[in-house]
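Read the structure below first, then the notes.
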Amino acid sequence: MKKVLIMAGGTGGHVIPAISIAEVFRNRNVSVVWLGTQQGIESELVPANGFDINYIDIQGLRGTRILKWLKAPYTLIKAIFQAMIVIHRESPDMILGLGGFASGPGGVAAKIMRLPLIIHEQNSIPGTTNKILAKVATRVLTAFPDTLPRGEWTGNPVRKEISSLQPTLLSRIDRDRPPRILILGGSLGSISINKKIPQALSAVEKKYRPEIRHQSGKANLQETQQIYKDLDLKARVESFISDMAEAYGWADLVVCRAGALTISELAAAGVGALLIPYPYAADDHQFHNGKWLVSLGAAYMVKEQDLTDKLLVSILNEWLGNPVKLDSMAMNAKKSARLG
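In short: position in the sequence shown from 1, add 7, done, that's my numbering.
Take a look at the structure:
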């Protein structure tokens, strides 16, 4: 049986696409093992999905104190040797890196041991690790076009339940029901989105008032529910949405951040979006992710610092009262999807 070692960790943006790939390998009778860190989200998600994981000791350096920078060479060399031990023990036929702290040492170890190394970059602005590994990798795959030298544009892995969805086409269905808006603030929830979007929806013309579904994040659930109650707006507020395929299929419009996986899911599902990129993302990569979808006529983007009540109300009135506009965005999103 063939074996693949996957390196992905740190955040859901790296780990969730990697799990989608791992499941495809498993369904094709390819053995999958993982390389990650104990402090990353992979330590929970990977075992929960039935995959064995090996750990190495490595952390990111961005924004850390000078002492960690001074210790960095020793830490990196140690992590490379740990990765080599794992690779020797697991004997994979191929190594696949999707980002995260373990990918750097693991990628170097793969080249030292002369094993095929494939990397995948999920964002339109590549991370430092993938910039380096792209120079030595056997193949370089990217979610967005023109991201890395030698990059092959493959898109991001998206679950089949999402990619099989078709645009609702609001203008062609029974208009007895109101439009539907799905509000997503990321897995932790965005305080800015949780407060500003309900306020704007309360000022939308009554004839355009939508059905509302809002993912608030666990810490903000009660506060967000109270905001809707105070505004006398009916909304389904949830801390977390486990079935995103069902949520995208329900929605006519999505208000969300512009993480790489979210952008790919919007395209795969075929739904238009108002994007509010996370302002503190490394290298402002969410803004650059969103620009791609905007350029295709599938979304509109507003930076958080420009997000005024007046602008939000204007956008929502225009879109919620114009099903043809929403349909056009949905179809443009679906056409942009890179599905493999």
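No residue lacks a Cβ here, since even glycine has one placed at the ideal position from N, Cα and C.
Measure from the alpha carbon of residue i to the alpha carbon of each residue in the options, then state which is nearest.
i	options	result
Glu272	Gly297, Leu105, Gly47 and Asn56	Gly297
Ile23	Gly47, Ile139 and Pro284	Gly47
Gln232	Pro286, Trp257, Val115 and Lys202	Lys202
Pro156	Ser131, Val165, Leu176 and Ala252	Ser131
Leu124	Lys167, Thr136 and Val143	Val143
Arg146	Ile102, Asp237 and Asn339	Ile102
Val309	Gln222, Val262 and Val278	Val262
Ile63	Pro112, Tyr81 and Asp100	Pro112
Ile289	Gly20, Leu303 and Pro185	Rather than Ile, the amino acid found at residue 289 in this sequence is Ala. Out of Gly20, Leu303 and Pro185, Gly20 has the C-alpha closest to the C-alpha of Ala289.
Arg184	Pro330, Ser335, Phe32 and Leu268	Pro330
Asn324	Met120, Ala207, Val11 and Thr161	Ala207
Leu281	Leu319, Ala150 and Ile60	Leu319
Pro286	Ile200, Leu268 and Lys236	Ile200
Arg187	Arg264, Ser38, Phe32 and Ala242	Ala242
Val37	Ser302, Val11, Ala265 and Asn61	Val11
Leu174	Ala252, Lys317, Leu83 and Leu268	Here the sequence assigns Pro to residue 174, which means Leu is not the residue at that position. Out of Ala252, Lys317, Leu83 and Leu268, Ala252 has the C-alpha closest to the C-alpha of Pro174.
Leu268	Ser170, Glu218, Ile234 and Ser209	Ser170
His295	Arg264, Val93 and Gly279	Arg264
Phe247	Ser197, Val278 and Ile234	Ser197
Ser27	Glu49, Lys167, Lys138 and His95	Lys167
Arg35	Glu49, Gly279 and Met8	Met8
Gly277	Ile234, Lys236, Pro217 and Val165	Val165
Glu245	Glu230, Thr136 and Arg96	Glu230
Met120	Asn137, Leu238 and Val93	Val93
Report yes if the C-beta of residue i is less than 7 Å from at least one heavy atom of the ligand HEM; otherwise report no.
i	result
Pro185	Judged by which ligands are present, the structure shown has none, so any question about the ligand HEM falls away.
So, under 8 Å CB-CB, residue i and residue j are touching, yes? Tell me the CB distance rounded to an integer number of Å.
i	j	result
Tyr215	Leu327	4 Å
Trp257	Leu189	7 Å
Ala29	Phe58	6 Å
Leu176	Asp291	So it is not a contact: roughly 34 Å between Cβ atoms.
Leu238	Ser209	4 Å
Going straight from the alpha carbon of residue i to that of residue j, what length do you get?
i	j	result
Pro152	Gly134	15 Å
Ala305	Gln293	16 Å
Ala337	Ile87	45 Å
Tyr81	Ile65	10 Å
Lys365	Ala79	Missing from the structure shown is residue 365; the chain here goes from 8 to 347 and no further.
Thr161	Leu122	22 Å
Leu260	Pro205	15 Å
Val211	Ser321	8 Å
Ala340	Leu52	29 Å
Tyr307	Gly266	15 Å
Ala25	Lys213	43 Å
Leu140	Leu303	30 Å
Leu83	His221	42 Å
Ile1	Leu240	No answer is possible for residue 1: it lies beyond the span of the chain, which begins at 8 and ends at 347.
Ile126	Asp250	28 Å
Gly70	Lys332	Residue placement at Gly70 is flagged as unreliable, the pLDDT there being 48, under the threshold of 50; the coordinate-derived value follows with that caveat. Cα-Cα distance, rounded: 42 Å.
Gln129	Pro99	23 Å
Val137	Arg96	According to the sequence provided, residue 137 is Asn. The question's Val does not apply to it. Approximately 25 Å, taken between the alpha carbons.
Arg33	Pro54	14 Å
Lys236	Pro284	27 Å
Leu68	Pro217	Low local confidence applies: a pLDDT of 49 at Leu68 is under 50, so the model's placement there is unreliable, and no value is given.
Ser110	Asn163	17 Å
Trp76	Leu172	For Trp76, the pLDDT reaches just 48, beneath the cut-off of 50, and the residue's location in the model is therefore unreliable, leaving the point undetermined.
Asn61	Ile234	44 Å
Leu357	Gly279	This structure does not reach residue 357, given that the chain is present from 8 up to 347, and the question cannot be answered.
Thr154	Val31	25 Å
Lys317	Ser50	43 Å
Ala150	Asn56	23 Å
Val301	Glu159	22 Å
Kindly identify the DSSP beta-bridge partner or partners of residue i.
i	result
Ile125	Leu103 and Arg146
Glu245	Gln222
Asp59	Val40
Tyr307	Leu281
Val11	Val39 and Met101
Asp189	Checking the sequence, you will find Leu at residue 189 rather than Asp. The partner list for Leu189 (beta bridge, DSSP) reads Arg220 and Val261.
Gly158	Val147
Closer than 8 Å is the cut-off here; do at least three beta carbon pairs connect the region 222 to 242 with the region 294 to 313? Taking 8 Å as the limit for Cβ pairs, the verdict is that the region 294 to 313 does not touch the region 222 to 242.
Below 8 Å, can you find three or more Cβ-Cβ pairs linking the region 326 to 344 to the region 268 to 282? As far as the Cβ criterion goes, the region 326 to 344 touches the region 268 to 282, which means the pair count is three or higher.
Pairs of beta-carbons, one from the region 96 to 116 and one from the region 36 to 44, closer than 8 Å: are there three or more? yes
Is the number of C-beta pairs between the region 100 to 108 and the region 10 to 17 that are closer than 8 Å three or more? yes
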